[in-house]
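Each residue of the sequence shown is one higher than the one before, counting from 812 in my numbering. Positions of the beta carbon are idealized from the N, C-alpha and C atoms, including for glycine. Take a look at the structure below.
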Amino acid sequence: MNDQITVGNLLTWIESIAPAERAEDWDHIGLMIGSVETEVRGIVFSLDVSTEAIDLCLDFDANILITHHPLFFSPLFSIDTDTPRGRLVSRLIREQISVISAHTNLDRADYGVNHALADTLGLRSVPEQPEFSFGLLCDTGSPLRYLEFSSMVRRVLQSSGVFLNEMSDKEITRIYLGAGSFDDSVIPDLIRSSVDLVVAGEIKHHAMVQLKESGICAVAAGHEATERVVLPFLQTSLVNKYSSVRCCVFQGNRFESSF
(Lines of atoms letter the chains of each structure in order from A and count residues from 1; the text may use other names and numbers.)
(Lines give C-alpha, C1' and ligand atoms only; values in the text may rest on other atoms or scores of the structure.)
Protein backbone atom coordinates (compact mmCIF):
# COMPACT_ATOMS: atom_id res chain seq x y z
CA MET A 1 0.00 0.00 0.00
CA ASN A 2 1.26 3.48 -0.84
CA ASP A 3 1.54 5.00 2.64
CA GLN A 4 1.59 8.52 1.18
CA ILE A 5 -2.14 8.33 0.43
CA THR A 6 -4.10 10.02 3.19
CA VAL A 7 -7.72 10.85 3.90
CA GLY A 8 -6.84 14.37 2.78
CA ASN A 9 -5.76 13.00 -0.61
CA LEU A 10 -9.07 11.15 -0.91
CA LEU A 11 -11.03 14.32 -0.16
CA THR A 12 -9.08 16.15 -2.88
CA TRP A 13 -9.80 13.33 -5.35
CA ILE A 14 -13.52 13.41 -4.56
CA GLU A 15 -13.53 17.19 -4.99
CA SER A 16 -12.06 16.72 -8.48
CA ILE A 17 -14.92 14.48 -9.64
CA ALA A 18 -17.79 15.74 -7.45
CA PRO A 19 -17.15 19.34 -6.35
CA ALA A 20 -18.62 20.29 -2.97
CA GLU A 21 -20.17 23.42 -4.49
CA ARG A 22 -22.60 21.21 -6.40
CA ALA A 23 -24.09 19.77 -3.22
CA GLU A 24 -27.47 20.97 -1.99
CA ASP A 25 -27.38 23.44 0.91
CA TRP A 26 -29.15 20.96 3.20
CA ASP A 27 -26.74 18.14 2.44
CA HIS A 28 -23.87 16.87 4.59
CA ILE A 29 -20.85 15.69 2.62
CA GLY A 30 -17.13 15.17 3.02
CA LEU A 31 -15.40 13.80 6.09
CA MET A 32 -17.93 12.34 8.53
CA ILE A 33 -15.52 10.60 10.92
CA GLY A 34 -11.72 10.66 11.02
CA SER A 35 -8.72 12.89 10.34
CA VAL A 36 -7.36 14.24 7.07
CA GLU A 37 -3.93 13.02 8.16
CA THR A 38 -4.95 9.36 8.48
CA GLU A 39 -2.96 7.13 6.13
CA VAL A 40 -5.04 4.86 3.91
CA ARG A 41 -4.65 1.13 4.42
CA GLY A 42 -7.65 0.04 2.36
CA ILE A 43 -10.98 1.42 1.15
CA VAL A 44 -14.52 0.07 0.92
CA PHE A 45 -17.11 1.81 -1.27
CA SER A 46 -20.70 1.45 -0.07
CA LEU A 47 -24.05 3.12 -0.67
CA ASP A 48 -24.63 3.39 3.09
CA VAL A 49 -22.87 3.09 6.40
CA SER A 50 -24.16 -0.22 7.72
CA THR A 51 -23.14 -3.11 9.94
CA GLU A 52 -22.38 -5.21 6.86
CA ALA A 53 -20.26 -2.47 5.28
CA ILE A 54 -18.22 -2.17 8.48
CA ASP A 55 -17.85 -5.95 8.58
CA LEU A 56 -16.40 -5.84 5.06
CA CYS A 57 -13.96 -3.11 6.10
CA LEU A 58 -12.65 -5.38 8.83
CA ASP A 59 -12.51 -8.45 6.57
CA PHE A 60 -10.71 -6.44 3.86
CA ASP A 61 -8.43 -4.69 6.36
CA ALA A 62 -9.76 -1.33 5.19
CA ASN A 63 -9.71 1.72 7.42
CA ILE A 64 -11.69 3.99 5.06
CA LEU A 65 -15.40 3.73 4.20
CA ILE A 66 -16.57 5.94 1.32
CA THR A 67 -20.36 6.17 1.02
CA HIS A 68 -22.94 7.89 -1.13
CA HIS A 69 -25.46 8.45 1.66
CA PRO A 70 -24.08 10.50 4.55
CA LEU A 71 -23.91 9.00 8.02
CA PHE A 72 -25.21 12.26 9.51
CA PHE A 73 -28.27 14.04 8.06
CA SER A 74 -29.68 15.61 11.20
CA PRO A 75 -27.64 17.23 13.98
CA LEU A 76 -26.02 14.77 16.38
CA PHE A 77 -26.39 15.88 20.00
CA SER A 78 -25.29 12.63 21.61
CA ILE A 79 -23.90 9.21 20.72
CA ASP A 80 -26.43 6.88 22.32
CA THR A 81 -25.11 3.36 21.81
CA ASP A 82 -28.60 1.98 22.46
CA THR A 83 -29.67 3.41 19.07
CA PRO A 84 -28.76 1.96 15.65
CA ARG A 85 -26.87 5.08 14.56
CA GLY A 86 -25.11 5.39 17.90
CA ARG A 87 -23.91 1.80 17.65
CA LEU A 88 -22.56 2.42 14.15
CA VAL A 89 -20.73 5.58 15.20
CA SER A 90 -19.31 3.89 18.28
CA ARG A 91 -18.08 0.92 16.27
CA LEU A 92 -16.51 3.07 13.56
CA ILE A 93 -14.57 5.04 16.14
CA ARG A 94 -13.60 1.90 18.06
CA GLU A 95 -12.33 0.20 14.87
CA GLN A 96 -10.65 3.45 13.71
CA ILE A 97 -12.55 3.50 10.40
CA SER A 98 -12.80 6.91 8.72
CA VAL A 99 -15.99 7.76 6.83
CA ILE A 100 -16.26 10.03 3.78
CA SER A 101 -19.53 10.75 1.96
CA ALA A 102 -20.30 12.17 -1.49
CA HIS A 103 -24.05 12.64 -1.88
CA THR A 104 -25.81 15.35 -3.91
CA ASN A 105 -22.45 16.58 -5.18
CA LEU A 106 -22.02 13.13 -6.77
CA ASP A 107 -25.61 13.19 -8.03
CA ARG A 108 -24.86 16.44 -9.87
CA ALA A 109 -21.31 15.64 -10.99
CA ASP A 110 -20.29 15.75 -14.66
CA TYR A 111 -20.28 11.96 -14.47
CA GLY A 112 -22.58 11.17 -11.60
CA VAL A 113 -25.03 8.55 -10.42
CA ASN A 114 -27.44 8.92 -13.35
CA HIS A 115 -24.61 8.75 -15.89
CA ALA A 116 -23.54 5.45 -14.33
CA LEU A 117 -27.16 4.29 -14.47
CA ALA A 118 -27.38 5.25 -18.16
CA ASP A 119 -24.22 3.30 -18.98
CA THR A 120 -25.50 0.29 -17.05
CA LEU A 121 -28.79 0.32 -18.96
CA GLY A 122 -27.13 0.95 -22.34
CA LEU A 123 -28.64 4.41 -22.82
CA ARG A 124 -27.06 7.54 -24.28
CA SER A 125 -27.62 10.95 -22.72
CA VAL A 126 -29.05 13.79 -24.77
CA PRO A 127 -26.30 16.38 -25.54
CA GLU A 128 -28.43 19.41 -24.69
CA GLN A 129 -29.81 18.64 -21.23
CA PRO A 130 -32.73 20.64 -19.81
CA GLU A 131 -32.18 22.25 -16.41
CA PHE A 132 -33.02 19.23 -14.29
CA SER A 133 -31.77 19.32 -10.70
CA PHE A 134 -30.48 15.77 -10.61
CA GLY A 135 -31.89 13.69 -13.46
CA LEU A 136 -30.56 12.80 -16.89
CA LEU A 137 -32.41 12.81 -20.20
CA CYS A 138 -31.56 9.91 -22.52
CA ASP A 139 -32.51 8.65 -25.96
CA THR A 140 -32.84 4.95 -26.71
CA GLY A 141 -31.35 5.07 -30.20
CA SER A 142 -34.13 2.87 -31.53
CA PRO A 143 -37.67 2.39 -30.17
CA LEU A 144 -38.10 0.08 -27.17
CA ARG A 145 -41.17 -1.55 -25.65
CA TYR A 146 -42.12 -0.40 -22.16
CA LEU A 147 -42.79 -3.78 -20.53
CA GLU A 148 -39.80 -5.47 -22.13
CA PHE A 149 -37.50 -2.61 -21.10
CA SER A 150 -38.90 -2.65 -17.55
CA SER A 151 -38.07 -6.34 -17.29
CA MET A 152 -34.55 -5.63 -18.51
CA VAL A 153 -34.13 -2.87 -15.92
CA ARG A 154 -35.05 -5.27 -13.13
CA ARG A 155 -32.70 -7.95 -14.43
CA VAL A 156 -29.69 -5.72 -15.11
CA LEU A 157 -29.98 -3.81 -11.83
CA GLN A 158 -30.64 -7.04 -9.94
CA SER A 159 -33.66 -5.41 -8.34
CA SER A 160 -35.99 -7.50 -6.18
CA GLY A 161 -38.91 -6.00 -8.09
CA VAL A 162 -40.17 -3.00 -10.02
CA PHE A 163 -43.31 -0.87 -9.75
CA LEU A 164 -45.00 0.22 -12.98
CA ASN A 165 -47.74 2.77 -13.62
CA GLU A 166 -48.93 1.16 -16.87
CA MET A 167 -49.48 -2.34 -18.19
CA SER A 168 -49.84 -1.38 -21.85
CA ASP A 169 -46.68 -2.06 -23.87
CA LYS A 170 -46.04 1.44 -25.17
CA GLU A 171 -43.20 2.44 -27.47
CA ILE A 172 -40.35 4.23 -25.71
CA THR A 173 -37.75 6.52 -27.32
CA ARG A 174 -36.93 9.13 -24.65
CA ILE A 175 -36.18 8.27 -21.03
CA TYR A 176 -35.62 10.36 -17.92
CA LEU A 177 -33.33 8.77 -15.33
CA GLY A 178 -33.77 9.81 -11.71
CA ALA A 179 -31.74 7.43 -9.56
CA GLY A 180 -32.85 7.31 -5.95
CA SER A 181 -35.94 9.38 -5.09
CA PHE A 182 -37.94 10.92 -7.96
CA ASP A 183 -38.52 14.67 -7.77
CA ASP A 184 -42.06 15.20 -9.04
CA SER A 185 -41.48 18.93 -9.54
CA VAL A 186 -39.77 18.07 -12.86
CA ILE A 187 -42.93 16.56 -14.39
CA PRO A 188 -43.81 19.75 -16.37
CA ASP A 189 -40.25 19.74 -17.78
CA LEU A 190 -40.59 16.06 -18.69
CA ILE A 191 -43.75 16.82 -20.63
CA ARG A 192 -42.03 19.68 -22.50
CA SER A 193 -39.08 17.38 -23.26
CA SER A 194 -41.36 14.68 -24.77
CA VAL A 195 -40.28 12.07 -22.24
CA ASP A 196 -41.91 8.65 -22.68
CA LEU A 197 -40.57 6.92 -19.58
CA VAL A 198 -39.20 7.71 -16.12
CA VAL A 199 -36.80 5.26 -14.48
CA ALA A 200 -36.21 6.04 -10.81
CA GLY A 201 -35.50 4.32 -7.55
CA GLU A 202 -38.70 5.26 -5.77
CA ILE A 203 -41.70 7.26 -6.96
CA LYS A 204 -44.56 8.40 -4.73
CA HIS A 205 -48.04 7.16 -5.58
CA HIS A 206 -49.43 10.56 -6.55
CA ALA A 207 -46.44 11.11 -8.85
CA MET A 208 -47.03 7.72 -10.48
CA VAL A 209 -50.62 8.77 -11.18
CA GLN A 210 -49.60 12.22 -12.42
CA LEU A 211 -47.05 10.69 -14.79
CA LYS A 212 -49.61 8.27 -16.17
CA GLU A 213 -52.15 11.05 -16.70
CA SER A 214 -49.42 12.97 -18.54
CA GLY A 215 -48.82 10.03 -20.88
CA ILE A 216 -45.49 9.12 -19.28
CA CYS A 217 -44.71 5.55 -18.24
CA ALA A 218 -42.72 4.89 -15.07
CA VAL A 219 -40.48 2.22 -13.57
CA ALA A 220 -39.55 2.39 -9.88
CA ALA A 221 -36.73 -0.13 -9.52
CA GLY A 222 -35.57 0.49 -5.95
CA HIS A 223 -33.52 3.27 -4.39
CA GLU A 224 -30.48 1.11 -3.76
CA ALA A 225 -30.66 -0.73 -7.09
CA THR A 226 -30.57 2.51 -9.11
CA GLU A 227 -27.77 4.16 -7.12
CA ARG A 228 -25.27 1.41 -6.31
CA VAL A 229 -24.22 1.35 -9.99
CA VAL A 230 -22.03 4.39 -9.31
CA LEU A 231 -19.80 2.53 -6.84
CA PRO A 232 -17.73 0.59 -9.43
CA PHE A 233 -17.16 3.89 -11.27
CA LEU A 234 -15.75 5.42 -8.08
CA GLN A 235 -13.52 2.41 -7.60
CA THR A 236 -12.18 2.64 -11.16
CA SER A 237 -11.64 6.39 -10.89
CA LEU A 238 -9.68 6.01 -7.66
CA VAL A 239 -7.50 3.18 -9.01
CA ASN A 240 -6.73 5.32 -12.07
CA LYS A 241 -5.58 8.06 -9.70
CA TYR A 242 -3.73 5.82 -7.24
CA SER A 243 -2.81 2.54 -8.90
CA SER A 244 -1.53 0.93 -5.71
CA VAL A 245 -4.63 1.57 -3.62
CA ARG A 246 -6.49 -1.42 -2.17
CA CYS A 247 -10.23 -0.97 -2.58
CA CYS A 248 -13.41 -2.97 -3.05
CA VAL A 249 -17.15 -2.40 -3.42
CA PHE A 250 -19.80 -3.50 -0.94
CA GLN A 251 -22.61 -4.61 -3.21
CA GLY A 252 -25.36 -3.99 -0.69
CA ASN A 253 -28.54 -5.89 -0.10
CA ARG A 254 -29.76 -7.79 -3.14
CA PHE A 255 -33.01 -8.94 -1.62
CA GLU A 256 -34.35 -12.26 -2.82
CA SER A 257 -37.72 -12.44 -4.54
CA SER A 258 -39.82 -15.45 -5.42
CA PHE A 259 -41.55 -13.62 -8.27
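- Inside the region 1023 to 1070, DSSP marks whole alpha helix (DSSP H) runs of 4 or more residues at positions 1034 to 1038 and 1041 to 1052, from first to last along the chain.
- As a beta-bridge residue in DSSP terms, residue 949 pairs with 936 and 986.
- Distance from the CA of residue 837 to the CA of residue 1054, rounded to the nearest whole angstrom, comes to 34 Å.
- Taking each of 996, 964, 957 and 903 in turn and checking the Cα distance to residue 983, the smallest one comes out for 957.
- By the Cβ-count criterion, residue 909 is buried, with 16 or more other Cβ atoms from all chains shown falling within 10 Å of its own Cβ.
- Going by DSSP, residue 843 is part of the beta strand (DSSP E) stretching over 841 to 844.
- Between the alpha carbons of residue 1059 and residue 1024 lies a gap of roughly 43 Å.
- Beta-bridge pairing by DSSP links residue 855 to 876 and 1059.
- Taking C-beta atoms as the reference points, residue 1002 and residue 949 fail to come closer than 8 Å.
- Using a Cβ distance threshold of 8 Å, residue 947 and residue 988 count as a contacting pair.
- Here residue 832 carries a helix assignment [DSSP, helix/strand/coil].
- Residue pairing from DSSP leaves residue 1006 without any beta-bridge partner.
- Comparing alpha-carbon positions, the option among 1047, 978 and 964 lying closest to residue 972 turns out to be 964.
- With fewer than 16 other Cβ atoms inside 10 Å of its own Cβ, residue 1051 counts as exposed.
- DSSP, read as helix, strand or coil, puts residue 960 in helix.
- For residue 996, the number of other beta carbons within 10 angstroms of its own is below 16, and it is reported as exposed.
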